[in-house]
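Under our numbering, the sequence shown has 122 at position 90, and the numbering climbs by one with no breaks.
By construction, the Cβ of each residue, glycine as well, lies at the ideal position given by its N, Cα and C atoms.
This one's a predicted model, so the numbers in the text were calculated from it and none came from an experiment.
Before any comments, here is the structure.
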Amino acid sequence: MSKITITKPDDWHLHFRDGELLNETVPATARCFQRAIVMPNLVPPVRNRAEALAYKQRILAAKPSGSDFEPLMVLYLTNDTTADDIRQAVGDDIPAAKLYPAGATTNSDAAVSGIESLYPIFETMSEVGMLLLIHGEVTDAETDIFDRERLFIEQHLAPIHSRFPELKIVFEHITTADAADFVLAATPSLAATITPQHLLLNRNDLLVGGIKPHNYCLPVLKRSTHQQRLRDVVASGSPKFFLGTDSAPHAKHTKETACGCAGCYSAWGALELYTQVFDDLNCLDKLEGFASLYGPDFYGLPRNTEQLTLKREPWVMPQEIQLANGDSIVPFFAGQTLNWQIT
Ligand code: NCD
Ligand code: ZN
Numbered sequence: 033m034s035k036i037t038i039t040k041p042d043d044w045h046l047h048f049r050d051g052e053l054l055n056e057t058v059p060a061t062a063r064c065f066q067r068a069i070v071m072p073n074l075v076p077p078v079r080n081r082a083e084a085l086a087y088k089q090r091i092l093a094a095k096p097s098g099s100d101f102e103p104l105m106v107l108y109l110t111n112d113t114t115a116d117d118i119r120q121a122v123g124d125d126i127p128a129a130k131l132y133p134a135g136a137t138t139n140s141d142a143a144v145s146g147i148e149s150l151y152p153i154f155e156t157m158s159e160v161g162m163l164l165l166i167h168g169e170v171t172d173a174e175t176d177i178f179d180r181e182r183l184f185i186e187q188h189l190a191p192i193h194s195r196f197p198e199l200k201i202v203f204e205h206i207t208t209a210d211a212a213d214f215v216l217a218a219t220p221s222l223a224a225t226i227t228p229q230h231l232l233l234n235r236n237d238l239l240v241g242g243i244k245p246h247n248y249c250l251p252v253l254k255r256s257t258h259q260q261r262l263r264d265v266v267a268s269g270s271p272k273f274f275l276g277t278d279s280a281p282h283a284k285h286t287k288e289t290a291c292g293c294a295g296c297y298s299a300w301g302a303l304e305l306y307t308q309v310f311d312d313l314n315c316l317d318k319l320e321g322f323a324s325l326y327g328p329d330f331y332g333l334p335r336n337t338e339q340l341t342l343k344r345e346p347w348v349m350p351q352e353i354q355l356a357n358g359d360s361i362v363p364f365f366a367g368q369t370l371n372w373q374i375t
C-alpha cells in the first residue's frame, strides 16, 4: 500500500503549555489532528471551568487561520477540588478531569496525595459523566521506577474501577504488558491511550550506548517484552486502545543537562510515526480505528467527518525547532527518517 485515507484523527492526550510556546505547539498539532485533549499541568494548574475556558481561548488564539482545530479541556484534580468544580465544568468542551499522583511527573507538585480522599469527587464525576484520566504510577520513593505502573494497578486503579463501575477511566500512556492486560480484562468503562514512543522504543533506546535524554519520558520506557505487548494490542484492533501522543515540549537545554526533564515532543511527526508502527506490524487497516474512531466513541463525542490521506514517501525529522525566544526544542525522532507523510 502506498497511500492510506482515514477519518481525520484526534490526539487524546498532549501538552501545549502556555504563552509564546502555544504559537509552536498548537499549529504543530492542528496540522493533522481535529481535536486534542489538552493536559492541565500548567503552573498553576487548570483547576476549574473559568481557568479551563480562559486557557482554551489562549489556545484558540494560537491556532492557524482557517483551521477548525478544537481543543478539549481537562481539569486538574487537587486535594482542594470540590464537587461544584466538577458539576460546573463538565460538558463537551471540558469532558474530563486528570488525576496526577503528587510527584509523578512534570508540574505535578499541586497534585493529589492520598488518592482515596478523592473518592467523593469520583462519585460526582461518575454521576455527571465526566471522564477520569489517570497518570498511573505510584510515587513513593522506595518503589523501583520500572515497577511504578504495575503497582499502581493493584494499589489504586483496580480499587477505583471496581468501586466506580460507571465512571469512564482512561489509563493514560500505558507502558507495560500488565497495563494492557488489565485494560483488556476490565469492563468497557476502562480504556487506555498509547504514545508513539512506547510503541517504537524500549529502554535500550534510552540507555544503551549512552543516555539518550530525548527518549526520556514518564512513564519511563520499559523492556522490549512490554513494548511488544503494546504493539500486539494495537495490532489486534481492540477498541480499548486509542491514540494519545503525550507530546510534551521541553527546551533542549532542559533535557541535555545533568538532571533532564521528562517528555518527548512528537507533534511534528505524531500521526506519521503511528502510521509507521502500523505499517511495520502489517496492519494499516487497524490505524483508523486507533487514531480516529475508538477515542471519540469512548468519550461519547461524534466521530470527525473530514478525511486525511498519508502517502508512503520518506522524509527526515529536523534536528531542532527554533523558538521565538531563542530556545530550541529537539523533536522526537530528530534526524531520523519517517516513511509516511500527510498529503
Ligand atoms: C509530561 C510533561 O512534560 O508535561 N512529561 C512526560 O514525560 N510525559 C508529563 C506527563 O504526561 O507525564
Ligand atoms: Zn502527558
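>> Going by beta-carbon coordinates alone, are Thr277 and Asp100 separated by less than 8 Å?
In response: Counted from its first residue, the sequence shown places residue 277 at position 245. Counted from its first residue, the sequence shown places residue 100 at position 68. Contact: no.
Same chain, Cβ closer than 8 Å to Thr171, five either side skipped, listed in chain order
As a first step, residue 171 must be located in the sequence shown, where it is residue number 139. If we look at Thr171 and ignore the five residues flanking it on each side, its Cβ neighbours are Pro133, Ala134, Gly135, Ala136, Arg180.
Thinking C-alpha only, which one of Leu131, Pro245, Glu102, Ile353 is nearest Thr113?
Numbered from 1 along the sequence shown, position 81 holds the residue referred to as residue 113. The option with the nearest alpha carbon to Thr113 is Leu131.
Assigned secondary structure, Gln368 (DSSP; H/G/I helix, E/B strand, else coil): By 1-based counting over the sequence shown, the position of residue 368 is 336. Reduced to three states, the DSSP call for Gln368 is coil.
| Can you list the alpha helix (DSSP H) stretches of 4 or more residues lying completely in the region 291-329, in chain order? | At a cut-off of 4 residues, the continuous stretches assigned as alpha helix (DSSP H) that sit fully inside the region 291-329 are 302-312.
C-alpha gap between Glu345 and Thr37, whole angstroms = For the purposes of this step, residue 345 is taken as residue 313 along the sequence shown, with counting starting at 1. For the purposes of this step, residue 37 is taken as residue 5 along the sequence shown, with counting starting at 1. Put simply, the backbone Cα of Glu345 is about 15 Å away from that of Thr37.
inquiry  = Taking 7 Å as the cut-off, is the beta-carbon of His167 closer than that to any non-hydrogen atom of the ligand NCD?
reply    = To locate residue 167, count along the sequence shown from 1; it is residue 135. His167: yes, Cβ under 7 Å from the ligand NCD.
Problem - Simplified DSSP state of His47, which is helix, strand or coil - result: Taking the sequence shown and counting its residues from 1, one reaches residue 47 at position 15. Correct three-state label for His47: coil.
Going by the CB atoms, is the gap between Leu216 and Lys272 shorter than 8 Å?
As a working mapping, residue 272 is identified with position 240 in the sequence shown. As a working mapping, residue 216 is identified with position 184 in the sequence shown. Note that the C-beta distance between Lys272 and Leu216 is below 8 Å.
Endpoints, beta strand (DSSP E) assigned at Gln339: Working through the sequence shown from its first residue, we reach residue 339 at position 307. That run of the beta strand (DSSP E) goes 339-348.
Return yes when the Cβ of Leu340 is within less than 8 Å of the Cβ of Lys35, no when it is not.
For the purposes of this step, residue 35 is identified with residue 3 of the sequence shown, where counting begins at 1. For the purposes of this step, residue 340 is identified with residue 308 of the sequence shown, where counting begins at 1. No.
field: beta strand (DSSP E) segment containing Asp105, residue limits
entry: Position 73 of the sequence shown, counted from the first residue, corresponds to residue 105. A small fix is needed here, since residue 105 is Met in this sequence, not Asp. 102-108 is the span of the beta strand (DSSP E), which, as asked, contains Met105.
What separation, rounded to the nearest whole angstrom, lies between the Cα atoms of Thr208 and Ser298? Numbered from 1 along the sequence shown, position 176 holds the residue referred to as residue 208. Numbered from 1 along the sequence shown, position 266 holds the residue referred to as residue 298. Cα to Cα, Thr208 sits roughly 20 Å from Ser298.
Answer yes or no: do Thr225 and Val202 have a C-beta to C-beta separation smaller than 8 Å?
Position 193 of the sequence shown, counting from 1, holds the residue named residue 225. Position 170 of the sequence shown, counting from 1, holds the residue named residue 202. In this structure, Val202 lies closer than 8 Å to Thr225 by Cβ.
| said: Following a CB-centred definition, is Asp210 positioned closer than 7 Å to any heavy atom of the ligand ZN? | reply: If you number the sequence shown from 1, residue 210 lands on position 178. Flag unset: Cβ of Asp210 not near the ligand ZN.
Between Ala280 and the ligand ZN, is the CB less than 7 Å from at least one heavy atom?
-> By one-based count along the sequence shown, residue 280 stands at place 248. Yes, the ligand ZN has a heavy atom inside 7 Å of this Cβ.
In whole angstroms, give me the CA-to-CA distance for Thr175 and Pro96. If you number the sequence shown from 1, residue 175 lands on position 143. If you number the sequence shown from 1, residue 96 lands on position 64. In this structure, the CA atom of Thr175 is about 44 Å from the CA atom of Pro96.
Practice prompt. Return the chain-ordered list of same chain residues with a C-beta closer than 8 Å to the C-beta of Leu313, the five sequence neighbours on each side being excluded.
Written response: Within the sequence shown, residue 313 is the residue found at index 281, counting from 1. Hits under 8 Å: Arg263, Val266, Ala267.
| field | Distance cut-off 7 Å: His205 Cβ against heavy atoms of the ligand ZN | value | Taking the sequence shown and counting its residues from 1, one reaches residue 205 at position 173. His205 Cβ: within cutoff of the ligand ZN.
Handout entry: Nearest to Val75 (by Cα), restricted to the options Ser140, Lys200, Thr289
Key = Your numbering for residue 75 matches position 43 in the sequence shown. Put simply, of Ser140, Lys200, Thr289 the residue whose alpha carbon is nearest the alpha carbon of Val75 is Ser140.
- Task: Return the Cβ separation of Phe274 and Gly332 in integer angstroms, given the expectation that the two are a contact with Cβ distance under 8 Å.
- Result: In the sequence shown, residue 274 corresponds to position 242, counting from 1. In the sequence shown, residue 332 corresponds to position 300, counting from 1. Contact between Phe274 and Gly332 does not hold, since the beta-carbon distance rounds to 13 Å and is not under 8 Å.
- Tell me whether the beta-carbon of Ala84 lies closer than 8 Å to the beta-carbon of Ala128. Working through the sequence shown from its first residue, we reach residue 84 at position 52. Working through the sequence shown from its first residue, we reach residue 128 at position 96. Judged by beta-carbon spacing, Ala128 lies beyond the 8 Å limit of Ala84, meaning their Cβ atoms are not closer than that value.
In the structure shown, what three-state DSSP assignment does Leu131 receive? Looking up residue 131 in the sequence shown gives position 99. Correct three-state label for Leu131: strand.
ask   = Closest to Leu232 by CA distance: which of Thr257, Gly123, Pro72, Ala211 is it?
value = Residue numbering aside, residue 232 sits at position 200 when the sequence shown is read from its first letter. Nearest option by C-alpha distance: Thr257.
Check: By a C-beta neighbour count over all protein chains shown, 10 Å radius and 16 as the cutoff for buried, is Ser279 buried or exposed?
Finding: Counted from its first residue, the sequence shown places residue 279 at position 247. Ser279 counts as buried, since at least 16 other C-beta atoms from the protein chains shown sit within 10 angstroms of its C-beta.
Three-state secondary structure (DSSP) at Lys284?
One-based indexing of the sequence shown puts residue 284 at position 252. Lys284: helix per DSSP, three-state reduction.
Just to confirm the assignment: which complete alpha helix (DSSP H) runs, minimum length 4, are found wholly within the region 151-215?
Entirely contained in the region 151-215, the alpha helix (DSSP H) runs reaching 4 residues are, in chain order, 151-160, 180-184, 190-195.
C-alpha gap between Pro197 and Leu222, whole angstroms: Indexing the sequence shown from 1 puts residue 197 at position 165. Indexing the sequence shown from 1 puts residue 222 at position 190. Pro197 and Leu222 have their alpha carbons spaced roughly 9 Å apart.
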